[in-house]
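K.L.:
Number of protein chains: 2
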Amino acid sequence: MTTTSPQGRTELLRPDGSPVRVLVVDDEQSITELLSMALRYEGWQIRSAGDGAGAVQTARDFRPDAIVLDMMLPDMDGLSVLGRLRRELQDVPVLFLTAKDAVEDRIAGLTAGGDDYVTKPFSLEEVVARLRGLIRRSGAADRRSESVLVVGDLTLDEDSHEVSRGGDGIHLTATEFELLRFLMRNPRRVLSKAQILDRVWSYDFGGQANVVELYISYLRRKIDAGREPMIHTRRGAGYLIKPAVPAVT
Amino acid sequence: MTTTSPQGRTELLRPDGSPVRVLVVDDEQSITELLSMALRYEGWQIRSAGDGAGAVQTARDFRPDAIVLDMMLPDMDGLSVLGRLRRELQDVPVLFLTAKDAVEDRIAGLTAGGDDYVTKPFSLEEVVARLRGLIRRSGAADRRSESVLVVGDLTLDEDSHEVSRGGDGIHLTATEFELLRFLMRNPRRVLSKAQILDRVWSYDFGGQANVVELYISYLRRKIDAGREPMIHTRRGAGYLIKPAVPAVT
DNA sequence: GAATTCCCTGAGAAAACGCTTAGGGGGTGC
DNA sequence: GCACCCCCTAAGCGTTTTCTCAGGGAATTC
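Listed in order, the protein sequences are those of chains A and B.
Using full-length UniProt numbering, read the first sequence as starting at 1 and increasing by one per residue.
Using full-length UniProt numbering, read the second sequence as starting at 1 and increasing by one per residue.
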């Protein structure tokens with residue numbers, strides 16, 4: 001089931017209308033805090049644990065609809081945590097957090113069961129998107145909930161990563177895609193550069209704030225080029241996307 | 001829930017009709033007083049604290065709907081205060097106050113959870129607007145509360161920062177926008193130049209008092225130009241905005 | 001009706017802000 | 001190992017915005 005808030009954001013809900021529950025497991029507290037904040041903002045109910053034992057225990061009575069699980073835990077290795085969690089909650093989808101250099105094939109095996117993974121350092125948009133996908137596919141939320149964002153004649157498919165405007169396919173790089181997704185999930189709403197940076201770039205990004213300007217300009221070149229613009233600058237405030245108003249000629 | 005006072009101001013209220021509660025945390029007393037006054041004027045219930053320990057303690061039994069938190073506190077740093085506050089009140093939205101130069105350093109993630117921040121020196125209108133936005137989105141107030149101000153045929157959208165009169169879009173600069181917002185939030189009420197200066201300009205503005213006149217004239221040019229005027233001067237008292245009375249011709 | 005006070009607005013300087021280009025470095029695939 | 005693509009830094013440029021200053025006009029007072 002989905003519902004649309006007054007701001008136009010679409011929320012995932014369980015079939016009985018109660019909020020989706022997510023368990024976050026990571027030993028770094030800053031990570032669990034960051035994730036909890038972001039996921040709560042999605043309207044989900046969050047619990048967190050700092051180690052494997054805590055995770056299993058919390059999972060037992062919290063009965064989450066999805067789990068975010070760091071593969072590197074102090075007390076036991078991610079696999080055995082996973083095993084125990086699965087004993088409690090058989091079908092719950094898991095989003096793994098792994099270091100970039102983690103062994104690929106091991107992860108590949110894990111995600112075969114419909115799970116997914118994200119490498120650290122991640123961006124919040126990425127985690128949220130992956131999680132939404134997992135929950136959607138697991139059937140914990142209404143299956144009809146869509147994975148396609150539409151603003152005007154602009155279309156973005158979160159599953160296939162396809163983007164098109166007015167029927168023409170548009171190729172975007174990974175970062176461009178995430179930026180556009182964030183804009184399109186908040187149409188007609190001014191998003192500050194800080195907000196964009198916090199959601200779209202990884203949490204450890206320490207660079208210049210003008211990357212946002214740069215990527216906005218890339219996006220405009222691909223999306224607005226030669227058409228009525230959809231991406232607008234609010235000087236001193238931020239950017240927003242909205243359906244193009246046909247030129248009155 | 002929203003209600004409209006006799007003066008025509010729209011107030012945010014909690015779903016049960018009680019006033020919204022806000023906790024203000026800053027070590028400079030002049031700031032907490034300034035903010036407390038301004039926020040009480042919004043019809044909200046305010047408590048303040050001067051350090052992190054006090055903030056956590058006050059939050060515990062005051063149970064605020066939103067928190068204004070200075071990042072620079074004497075006893076502990078803003079983030080650990082945040083952590084403790086969040087342990088007490090999980091979903092409470094936070095508006096951070098930060099120094100301007102601190103923004104670039106290490107404030108990544110502040111807006112990640114739907115929170116927001118304002119840099120010092122700030123204007124009261126900005127703080128109030130941001131807080132209203134946070135409270136609105138957090139669901140502590142009635143979700144139907146709108147983000148659009150309307151006076152006569154003049155319309156101002158706080159989310160998209162769009163302004164239009166009689167259907168025609170009007171482009172305003174950031175300062176013009178804030179001034180108009182302040183006027184429109186107090187329709188049919190005379191606002192003195194001093195009041196306007198205190199609310200719309202940052203508290204450390206040391207310039208000439210006639211900026212207000214200047215910006216009123218800018219606004220008139222954009223909003224009243226060629227139409228029945230909505231912005232009126234009360235000589236010796238101030239300015240007010242009200243729906244235009246159709247010209248009797 | 002003259003003086004005074006208050007308000008409005010034009011011009012212009014300084015600063016802030018956003019956009020764009022060029023290029024380096026890292027990673028990936030062939 | 002080479003070529004390609006992607007991400008980001010850095011710097012320069014043009015534009016927009018903000019504000020000061022000053023002159024003139026309008027309302028008010030005496």
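For each residue, glycine too, the CB sits at the ideal point set by N, CA and C.
On a predicted model such as this, the values are computed, not experimentally measured, just so you know.
Whose C-alpha, out of V81(B), L23(B), R199(B) and W44(B), is nearest the C-alpha of G17(B)?
P.N.:
Here the closest residue by C-alpha is W44(B).
K.L.:
Can you list, in chain order, the residues of its chain with a C-beta nearer than 6 Å to that of L183(A)? Leave out the 5 residues immediately preceding and following it.
P.N.:
Excluding positions up to five away in sequence, the list reads I241.
K.L.:
Along chain A, in chain order, which residues have C-beta atoms closer than 8 Å to that of L110(B)?
P.N.:
Those within 8 Å of L110(B) in chain A are A194 and D198.
K.L.:
At the level of alpha carbons, what is the spacing between Q195(B) and G83(B)?
P.N.:
So the alpha carbons of these two residues sit roughly 37 Å apart.
K.L.:
Quick check on the burial criterion: 16 or more other C-beta atoms within 10 angstroms. Buried or exposed for H171(B)?
P.N.:
Exposed, since its Cβ has fewer than 16 Cβ neighbours within 10 Å.
K.L.:
Take the Cβ of L245(B) as the centre, count every other Cβ of all protein chains shown within 10 Å, and call the residue buried at 16 or more, exposed below.
P.N.:
The question names Leu, but residue 245(B) is Val in the sequence shown. Its Cβ having fewer than 16 others within 10 Å, V245(B) is exposed.
K.L.:
Output, in sequence order along the chain, the residues in the segment 108-135 of chain B whose CB is closer than 9 Å to any CB in chain A.
P.N.:
Against chain A - using a Cβ distance shorter than 9 Å - the residues of the segment 108-135 of chain B are A108, G109, L110, T111, A112, G113, G114, D115, D116 and Y117.
K.L.:
Going by DSSP, name the residue or residues bridged to P19(B).
P.N.:
Answer is L13(B).
K.L.:
List the residues of chain B that G236(A) touches, going by C-beta distances under 8 Å, in chain order.
P.N.:
Simply T173 and A174.
K.L.:
Quick one: grab the DSSP three-state call for R137(A).
P.N.:
The answer is helix: DSSP assigns R137(A) an H, G or I state.
K.L.:
Cβ closer than 8 Å: which chain A residues qualify as neighbours of G83(B)?
P.N.:
Those are Q29 and E33, listed as they occur along chain A.
K.L.:
If contacts are defined as beta-carbon pairs under 8 Å, then L131(A) and V22(A) qualify, I think. What distance do you get, rounded to the angstrom?
P.N.:
Yes, they are in contact, since the Cβ atoms of L131(A) and V22(A) sit about 7 Å apart, within 8 Å.
K.L.:
Kindly indicate which residue of Y203(A), A53(A), Q208(A) and R86(A) has the alpha-carbon position closest to the one of P74(A).
P.N.:
Measuring from the Cα of P74(A), the nearest candidate turns out to be A53(A).
K.L.:
Starting from the beta carbon of F205(A), find every residue of chain B whose beta carbon is closer than 8 Å, and list them in chain order.
P.N.:
The contacting residues are A108.
K.L.:
Which residue wins for smallest C-alpha separation from Q90(B), given the options E33(A), H161(A) and S164(A)?
P.N.:
Out of E33(A), H161(A) and S164(A), E33(A) has the C-alpha closest to the C-alpha of Q90(B).
K.L.:
Residues in the segment 37-59 of chain A with C-beta within 7 Å of chain B's C-beta atoms, listed in sequence order?
P.N.:
Against chain B - using a Cβ distance shorter than 7 Å - the residues of the segment 37-59 of chain A are M37, A38, R40 and Y41.
K.L.:
Give the single residue among P243(B), P229(B) and S160(B) whose Cα lies nearest to the Cα of S192(A).
P.N.:
Of the listed residues, the one whose Cα sits closest to S192(A) is S160(B).
K.L.:
Can you check whether the CB of V127(B) is closer than 8 Å to the CB of residue 257(B)?
P.N.:
Beyond the ends of chain B as shown, which are 1 and 249, falls residue 257(B); an answer cannot be given.
K.L.:
For V150(A), count neighbouring C-beta atoms within 10 Å of its own C-beta (all shown protein chains included) and say buried if the count is 16 or more, exposed if not.
P.N.:
Its Cβ having fewer than 16 others within 10 Å, V150(A) is exposed.
K.L.:
As an exercise, report each continuous beta strand (DSSP E) stretch of at least 3 residues that is fully enclosed by the UniProt domain "Response regulatory" (21-135) of chain B, in chain order.
P.N.:
Taking only runs of at least 3 residues, the beta strand (DSSP E) segments lying wholly in the UniProt domain "Response regulatory" (21-135) of chain B are 21-25, 45-49, 66-70, 94-99 and 116-120.
K.L.:
Taking Cβ positions only, does D159(B) come closer than 8 Å to chain A?
P.N.:
Taking Cβ atoms only, chain A reaches closer than 8 Å to D159(B), which makes this a yes.
K.L.:
Going along chain B in order, which residues have a C-beta closer than 7 Å to the C-beta of L240(A)?
P.N.:
Within 7 Å Cβ-Cβ: S160.
K.L.:
Spell out whether any CB of chain B is found under 8 Å from the CB atom of V190(A).
P.N.:
So, interface residue.
K.L.:
Tell me, please, whether the CB atom of D168(B) is closer than 8 Å to any CB atom in chain A?
P.N.:
With 8 Å as the cut-off, D168(B) does not count as an interface residue toward chain A.
K.L.:
Against chain A, with Cβ distances strictly below 8 Å, would residue 276(B) count as a contact?
P.N.:
The shown model of chain B, from 1 to 249, leaves out residue 276(B), and the question about it has no answer.
K.L.:
For D65(B), go through chain A and note every residue whose CB falls closer than 9 Å to its CB, in chain order.
P.N.:
Chain A residues near D65(B): none, gap ~15 Å exceeds 9 Å.
K.L.:
Where in the UniProt DNA-binding region "OmpR/PhoB-type" (146-243) of chain B do unbroken runs of the alpha helix (DSSP H), each at least 4 residues long, occur, reported from the N-terminal end onward?
P.N.:
Counting whole runs of 4 or more residues, the UniProt DNA-binding region "OmpR/PhoB-type" (146-243) of chain B contains the alpha helix (DSSP H) stretches 174-184, 193-200 and 211-219.
K.L.:
For P6(A), name the three-state secondary structure that DSSP assigns.
P.N.:
Unreliable positioning characterises P6(A) in this predicted model, as indicated by a pLDDT of 39, which lies under 50. The coordinate reading is nonetheless provided below. Residue state, collapsed to three classes: coil.
K.L.:
Kindly list, in the order they appear in chain A, the residues whose Cβ is closer than 8 Å to that of D91(B).
P.N.:
Simply R40.
K.L.:
Leaving out five residues on either side along the sequence, give the residues of the same chain with a beta carbon under 6 Å from the beta carbon of R199(A).
P.N.:
Closer than 6 Å at the Cβ level, and outside the excluded window around R199(A), lie L124, E125 and F182.
K.L.:
Can you tell me which of L85(B), D61(B), E176(B) and P15(B) puts its alpha carbon nearest to the alpha carbon of A237(A)?
P.N.:
The option with the nearest alpha carbon to A237(A) is E176(B).
K.L.:
For V20(B) and L85(B), I'd like the C-alpha separation in whole angstroms.
P.N.:
Distance between the alpha carbons of V20(B) and L85(B) is about 18 Å.
K.L.:
Taking the alpha-carbon positions, what's the S5(A) to G169(A) distance?
P.N.:
Because S5(A) carries a pLDDT of 48, less than 50, the predicted location of this residue cannot be relied on, and the following value inherits that uncertainty. Rounded to whole angstroms, S5(A) to G169(A) spans 30 Å at the Cα level.
K.L.:
By the 10 Å Cβ neighbour count, where 16 or more other Cβ atoms means buried, how is T58(A) classified, buried or exposed?
P.N.:
It is buried - the Cβ of T58(A) has at least 16 other Cβ atoms within 10 Å.
K.L.:
For D65(B) versus I135(B), is the C-beta spacing smaller than 8 Å?
P.N.:
Yes; because the gap between Cβ atoms is below 8 Å, this pair is in contact.
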